[in-house]
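Colleague:
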Amino acid sequence: MAEILAHPQILKNLKHELSNVVGMNNIVEEYHLPNLKYLEASKKEALRLHPPLPLLLPKCPTHSTLVGGFTIPKEIKKNKPLIANPIQRLSYLKLYE
20 MAEILAHPQI LKNLKHELSN VVGMNNIVEE YHLPNLKYLE ASKKEALRLH
70 PPLPLLLPKC PTHSTLVGGF TIPKEIKKNK PLIANPIQRL SYLKLYE
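Numbers given in my numbering equal positions in the sequence shown, counted from 1, plus 19.
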């Protein structure tokens, strides 16, 4: 919801689609859903930007290993992911200044 409120044009497009497909004085029914393409796309984009679960859960190697010429030591930093979450970097505004 916050993303929709932060982007007024998206809110306008959603209202327009709901008005055309469902009608102003009607309740959204299950049979309307296949025709609400913009709503579906907006939902998927919100989940892409803000996944309900981390994409990369923390992992800890049980033994030292060599990856691309780099040694990953056994039990390196428990509870820290070895690979950064690619979505998380989108929230670091300093990267884009």
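C-beta: ideal position from N, C-alpha, C; glycine also.
Could you give the distance in angstroms between the alpha-carbon of G87 and the alpha-carbon of P70?
Modeller: Locating residue 87 in the sequence shown gives position 68, counting from the first residue. Locating residue 70 in the sequence shown gives position 51, counting from the first residue. Between G87 and P70, the C-alpha separation is close to 29 Å.
Colleague: Does DSSP classify I23 as helix, strand or coil?
Modeller: Looking up residue 23 in the sequence shown gives position 4. Three-state DSSP puts I23 in a helix.
Colleague: Since I believe L68 is in contact with E117 (beta carbons under 8 Å), could you give me their beta-carbon distance rounded to a whole number of angstroms?
Modeller: Not covered by the structure: residue 117. The range shown for the chain is 20 to 116.
Colleague: Report the option in L85, N44, I29 whose CA atom is closest to the CA atom of A60.
Modeller: Position 41 of the sequence shown, counting from 1, holds the residue named residue 60. Ranking L85, N44, I29 by Cα distance to A60 puts I29 first.
Colleague: For the candidate residues L24, T84, L37, whose alpha-carbon lies nearest to that of I46?
Modeller: Along the sequence shown, read from residue 1 onward, the residue named residue 46 stands at position 27. Checked all of L24, T84, L37; the closest Cα to I46 is L37.
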